[in-house]
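*Asks:* Chains as they are written, first to last, in the working numbering: chain A, 1 to 350; chain B, 351 to 700.
There are 2 protein chains.
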Amino acid sequence: MPPDRTDTAPGAPTLSDVAARAGVSTATVSRALNAPSQVTQATRDRVMQAVRDLGYAPNFGARALAARRTNTFGAVIPTMDNAIFARGLQAFQDTLREHGVTLLVASSSYKPEQEEDQIRTLITRGAEALLLIGHDRTAAAYALLDRQHIPYLVAWAWDEGAPRPCVGFDNRAAMQALTAEVIALGHRRLALITADRAGNDRARARFEGVCAAMTAAGLDARALLVEETPYSIANGAAAFARLMDAHPRPTAVLCGNDVLAAGAVTQARALGIDVPGDVSVTGFDDIELAAILTPALTTVHVPHCEMGRRAAQMLLDMRAGAAPPPGLRLDAGIAWRASLGPPPVAGGPG
Amino acid sequence: MPPDRTDTAPGAPTLSDVAARAGVSTATVSRALNAPSQVTQATRDRVMQAVRDLGYAPNFGARALAARRTNTFGAVIPTMDNAIFARGLQAFQDTLREHGVTLLVASSSYKPEQEEDQIRTLITRGAEALLLIGHDRTAAAYALLDRQHIPYLVAWAWDEGAPRPCVGFDNRAAMQALTAEVIALGHRRLALITADRAGNDRARARFEGVCAAMTAAGLDARALLVEETPYSIANGAAAFARLMDAHPRPTAVLCGNDVLAAGAVTQARALGIDVPGDVSVTGFDDIELAAILTPALTTVHVPHCEMGRRAAQMLLDMRAGAAPPPGLRLDAGIAWRASLGPPPVAGGPG
DNA sequence: TCAGAATATGTAAGCGCTTACATCTTGCCG
DNA sequence: CGGCAAGATGTAAGCGCTTACATATTCTGA
Chain A
1 MPPDRTDTAP
11 GAPTLSDVAA
21 RAGVSTATVS
31 RALNAPSQVT
41 QATRDRVMQA
51 VRDLGYAPNF
61 GARALAARRT
71 NTFGAVIPTM
81 DNAIFARGLQ
91 AFQDTLREHG
101 VTLLVASSSY
111 KPEQEEDQIR
121 TLITRGAEAL
131 LLIGHDRTAA
141 AYALLDRQHI
151 PYLVAWAWDE
161 GAPRPCVGFD
171 NRAAMQALTA
181 EVIALGHRRL
191 ALITADRAGN
201 DRARARFEGV
211 CAAMTAAGLD
221 ARALLVEETP
231 YSIANGAAAF
241 ARLMDAHPRP
251 TAVLCGNDVL
261 AAGAVTQARA
271 LGIDVPGDVS
281 VTGFDDIELA
291 AILTPALTTV
301 HVPHCEMGRR
311 AAQMLLDMRA
321 GAAPPPGLRL
331 DAGIAWRASL
341 GPPPVAGGPG
Chain B
351 MPPDRTDTAP
361 GAPTLSDVAA
371 RAGVSTATVS
381 RALNAPSQVT
391 QATRDRVMQA
401 VRDLGYAPNF
411 GARALAARRT
421 NTFGAVIPTM
431 DNAIFARGLQ
441 AFQDTLREHG
451 VTLLVASSSY
461 KPEQEEDQIR
471 TLITRGAEAL
481 LLIGHDRTAA
491 AYALLDRQHI
501 PYLVAWAWDE
511 GAPRPCVGFD
521 NRAAMQALTA
531 EVIALGHRRL
541 ALITADRAGN
551 DRARARFEGV
561 CAAMTAAGLD
571 ARALLVEETP
581 YSIANGAAAF
591 ARLMDAHPRP
601 TAVLCGNDVL
611 AAGAVTQARA
621 LGIDVPGDVS
631 VTGFDDIELA
641 AILTPALTTV
651 HVPHCEMGRR
661 AAQMLLDMRA
671 GAAPPPGLRL
681 DAGIAWRASL
691 GPPPVAGGPG
């Protein structure tokens, strides 16, 4: 006979409430829930009925504590404000779910200390593996990850000889390729609207890509006009406005991502500047927004979904004890749309 | 002297590892972490040093189990794919954080069974209160919430005499007001692109608002062309294309939200249809996208931030034992932009 | 019919933490 | 200088669950 606790439970129902109601032990309830095949059909039915009657929901903390596993992964992304990480993360999550793993997402607002905090929070909540964006973070954050023996993977960035497992594309090479196309169209006076480069290796790599392309084409990279501002449409618009005050004006404004580019394109309209007739604009990321802007944005296409899927697979393997895999490089191509064209003849009114 | 456990801990460091290293008991470590004022400065320093040395991160589950509180709230939103809920949720989260509460977010993909699942998951993970979107959900979901004694709040919807605490705006009235303006501009042939109305009381309310405005203006609501499709830009575009095949064509296409409207506007351009010259388009929600579309979208402005803040405050009060508050009605106005104008003269080419 | 295998269920020991309570210091006052 | 309040720290009992192990119970074949 199962133990018959006093049934004056005032709080939420627990396993033993269910056990009492079903007339079995807590062990049997636990098995009925987690390993149904080990329990008689009849018993199982009784247990399930009790679960339903009581509106029982297991206590995750207690379960994790006892079972010493959580089936939970974590991801810390810089921001949820825009859609940059949305699609990749969705694919990541979907793949994890197929393997019975829940994803917890936190955001760092591009602040290193906050990222460290969020990593700690996710560990605290039982994350068995973590997805992180880019390589830049505090030594303390890496130390914490090591001390806790948490497998982690850097995504949205692939670098030659990176010392950590990573999956992504070569930000530098992709931006260099796009810039080379811009230059090939005849543009000579270039500008870049970039996110803050401090603490953001992807932004730095993209900046370097622009410089490399200029140098390779025989242009002076020091002549690149640079506006640095946090990612947002409004900031992109403001930065674009500042660039249009330069003399001579740039004929092409490269943007560190599509959100900044959206601001640039919108601001161009407000200023009565034709894109791409007067000024060309390019983005980076190829989020949904890029295609519905007017004009539609020429941008670097990032393989969001594949990256998310691969990241999930790699982390699952690592949790299972696989050796840290080598970096996985994915291709980022160019999505050609309307916002990029040749410069105005005679270099424009600048 | 504190107990000196064997220090061959292979896994992540625990409280007693920290205690051993600092030369104190686990109770003292716990206090140093949670109630620093109860511990001598010297002891506290020693503990903190040990925490740092070991890379200790507390175990949330164990803590929740012992302390019987989690300081965690949950929210189940229909989707994270688009930005509809982003701003409100951000405000909700920010307000909670000010009060030391962490937010866990889950999404239901507009599926009732999945929502029930997610509610259960959040409860399982220790949510002490829940934010839900709209009133429509399974009886089982409500039963579960009651049985678990979880305070919850319905947001993004306010209804006359709703039987549950809610905070939001009157979807029906807002859509009716916008439709009345459309009609006042001279439009007579109206169409509506709406999300699936089954299981979505907001979508139904908005539909009813359109009908009510038509009836009030002496038009036959049965003449309203309705396209029902899940929220997405692509679906909005497809629905718009179908509507443009109607004879006679509608002169105004109302959309159940801004995402559908973005699809409609984009598709109009693709079809060579001028907005608002040939056809007017309106949205609902006033997300960031609305302002940067071409033409910018006339839409219903929703007080996202205030709603999020108020929701947080109400739920915090409820957790503290306050009686369920009466529904809180916020105002939703109209954001006038370029996509709405008078119908073409002579009713257009339809 | 019965031993022994296979299956179903119960018992009870923690998982890592918090906290009521007990114990030990310290400081202060008469 | 004793005694006691106040403060600092230690002890140990669980929180709700899983799971190794022990204990029925049923089934199988000779």
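We treat Cβ as the ideally placed atom computed from N, Cα and C, and that holds for glycine.
#1: In angstroms, rounded to a whole number, what distance separates the CA positions of residue 293 of chain A and residue 338 of chain A?
#2: Flag residue 430 of chain B as yes if its beta-carbon sits less than 9 angstroms from any beta-carbon of chain A, otherwise no.
#3: Would you decide whether residue 654 of chain B is buried or exposed? Buried here means 16 or more other CB atoms lie within 10 Å of its CB.
#4: For residue 399 of chain B and chain A, any beta-carbon pair shorter than 9 angstroms?
#5: Does the distance from the CB of residue 65 of chain A to the CB of residue 415 of chain B come in under 9 angstroms?
#6: Look at the Cβ atom of residue 442 of chain B, then the Cβ atom of residue 679 of chain B, and state whether they are nearer than 9 angstroms.
#7: What whole-angstrom Cβ distance do residue 563 of chain B and residue 530 of chain B have, given they're in contact under 8 angstroms?
#8: Residue 238 of chain A: which of A/249, A/256 and A/268 sits nearest, CA to CA?
#9: With distances taken from CA atoms, which of A/47, A/88, A/33 and A/192 is nearest residue 310 of chain A?
#10: Sort out for me which residues DSSP pairs residue 152 of chain A with in a bridge.
#11: Quick check: is the beta carbon of residue 269 of chain A nearer than 9 angstroms to any beta carbon in chain B?
#12: With contact counted as at least three CB pairs below 8 angstroms, one residue from each stretch, are the region 487 to 503 of chain B and the region 44 to 60 of chain A in contact?
#13: Just the Cα atoms here: how many angstroms apart are residue 134 of chain A and residue 484 of chain B?
#14: For a contact defined as C-beta to C-beta under 7 angstroms, what are the partners of residue 616 of chain B on chain A?
#15: Could you please tell me which residues of the region 115 to 137 of chain A, in chain order, have their CB closer than 7 angstroms to any CB of chain B?
#16: Taking the Cβ atom as the reference point for each residue, do residue 409 of chain B and residue 364 of chain B lie within a distance shorter than 9 angstroms?
#17: Check for me: the beta strand (DSSP E) holding residue 683 of chain B runs from which residue to which?
#18: Give the range of the beta strand (DSSP E) segment to which residue 107 of chain A is assigned.
#19: Which residues, in order along the region 210 to 243 of chain A, keep a beta-carbon less than 8 angstroms from a beta-carbon of chain B?
#20: Under three-state DSSP, which class holds residue 15 of chain A?
#21: Out of B/432, B/427 and B/446, which one is the CA nearest neighbour of residue 462 of chain B?
#22: What is the rounded straight-line gap between the Cα of residue 125 of chain A and the Cα of residue 244 of chain A?
#23: At the level of alpha carbons, what is the spacing between residue 184 of chain A and residue 171 of chain A?
#24: For a contact meaning CB atoms closer than 8 angstroms, what does residue 149 of chain A contact in chain B?
#25: Can residue 39 of chain A and residue 31 of chain A be called in contact, C-beta distance under 9 angstroms?
#26: Taking only the alpha-carbon atoms, compute the straight-line gap between residue 541 of chain B and residue 435 of chain B and give it to the nearest angstrom.
#27: If you follow the beta strand (DSSP E) that residue 375 of chain B is in, where does it begin and where does it stop?
#28: State the start and end residues of the unbroken beta strand (DSSP E) segment that holds residue 651 of chain B.
#29: Indicate whether at least one CB of chain B lies closer than 9 angstroms to the CB of residue 288 of chain A.
#30: Under 8 angstroms Cβ to Cβ from residue 675 of chain B, same chain only, skipping five residues before and after it: list those, please.
#31: Return the chain-ordered list of same chain residues with a C-beta closer than 6 angstroms to the C-beta of residue 298 of chain A, the five sequence neighbours on each side being excluded.
#32: For residue 144 of chain A, which residues in chain B fall below 8 angstroms Cβ to Cβ?
#33: Helix, strand or coil, according to DSSP, for residue 435 of chain B in the structure here?
#34: Going along the chain, which residues of the region 61 to 75 of chain A sit with their C-beta nearer than 7 angstroms to a C-beta in chain B?
#35: Where DSSP assigns a beta bridge to residue 465 of chain B, which residues make up the other side?
#36: Check the Cβ of residue 311 of chain A against every Cβ in chain B and list those closer than 8 angstroms, keeping chain order.
*Replies:* This is what the structure gives:
#1: Using only the alpha carbons, I get a separation of about 10 angstroms.
#2: Interface residue, yes.
#3: Looking at its Cβ environment, which holds 16 or more other Cβ atoms inside 10 Å, residue 654 of chain B is buried.
#4: With 9 angstroms as the cut-off, residue 399 of chain B does not count as an interface residue toward chain A.
#5: Residue 65 of chain A places its beta carbon less than 9 angstroms from that of residue 415 of chain B.
#6: No Cβ-Cβ contact shorter than 9 angstroms links residue 442 of chain B with residue 679 of chain B.
#7: Separation of the CB atoms of residue 563 of chain B and residue 530 of chain B is rounded to 5 angstroms, and the pair is thereby assigned contact status at 8 angstroms.
#8: When A/249, A/256 and A/268 are compared, the shortest CA-CA separation from residue 238 of chain A is found for A/268.
#9: In terms of Cα proximity to residue 310 of chain A, the closest of A/47, A/88, A/33 and A/192 is A/88.
#10: Looking at the DSSP output, residue 152 of chain A shares a beta bridge with A/130.
#11: Yes, contact with chain B.
#12: These segments touch.
#13: Between residue 134 of chain A and residue 484 of chain B, the C-alpha separation is close to 38 angstroms.
#14: Within 7 angstroms Cβ-Cβ: 292.
#15: Within the region 115 to 137 of chain A, the residues whose Cβ lies closer than 7 angstroms to some Cβ of chain B are 120, 123, 124, 125 and 126, listed in chain order.
#16: A contact, by the Cβ cut-off of 9 angstroms.
#17: Run containing residue 683 of chain B: 683 to 685, per the beta strand (DSSP E) assignment.
#18: Residue 107 of chain A -> beta strand (DSSP E) spans 102 to 107.
#19: Answer in chain order: 233.
#20: In the three-state DSSP reduction, residue 15 of chain A falls in the helix class (H, G or I).
#21: Ranking the options by Cα distance to residue 462 of chain B, first place goes to B/427.
#22: The alpha-carbon of residue 125 of chain A is positioned some 48 angstroms away from that of residue 244 of chain A.
#23: So the alpha carbons of these two residues sit roughly 20 angstroms apart.
#24: Going along chain B in sequence order, the residues near residue 149 of chain A (Cβ under 8 angstroms) are 361 and 362.
#25: In this structure, residue 31 of chain A lies closer than 9 angstroms to residue 39 of chain A by Cβ.
#26: Spanning the two alpha carbons is a distance of roughly 25 angstroms.
#27: That residue, residue 375 of chain B, is in no beta strand (DSSP E); it is neither H nor E in DSSP.
#28: Element bounds for residue 651 of chain B: 649 to 651.
#29: For residue 288 of chain A, the answer is yes, since a Cβ of chain B falls inside 9 angstroms of its Cβ.
#30: Within the same chain, and ignoring the five residues on either side of residue 675 of chain B in sequence, the residues whose Cβ sits closer than 8 angstroms to its Cβ are 515, 664, 667 and 668.
#31: Around residue 298 of chain A, the same chain offers 282, 336, 337, 339 and 340 as residues with beta carbons nearer than 6 angstroms, after the five sequence neighbours per side are excluded.
#32: Chain B residues near residue 144 of chain A: 405 and 407.
#33: Note: residue 435 of chain B maps to helix in three-state DSSP.
#34: From the region 61 to 75 of chain A, only 61, 62, 64 and 65 have a Cβ closer than 7 angstroms to chain B.
#35: According to DSSP, residue 465 of chain B bridges with nothing at all.
#36: By Cβ distance, chain B contributes nothing, its closest Cβ being about 18 angstroms from residue 311 of chain A, past 8 angstroms.
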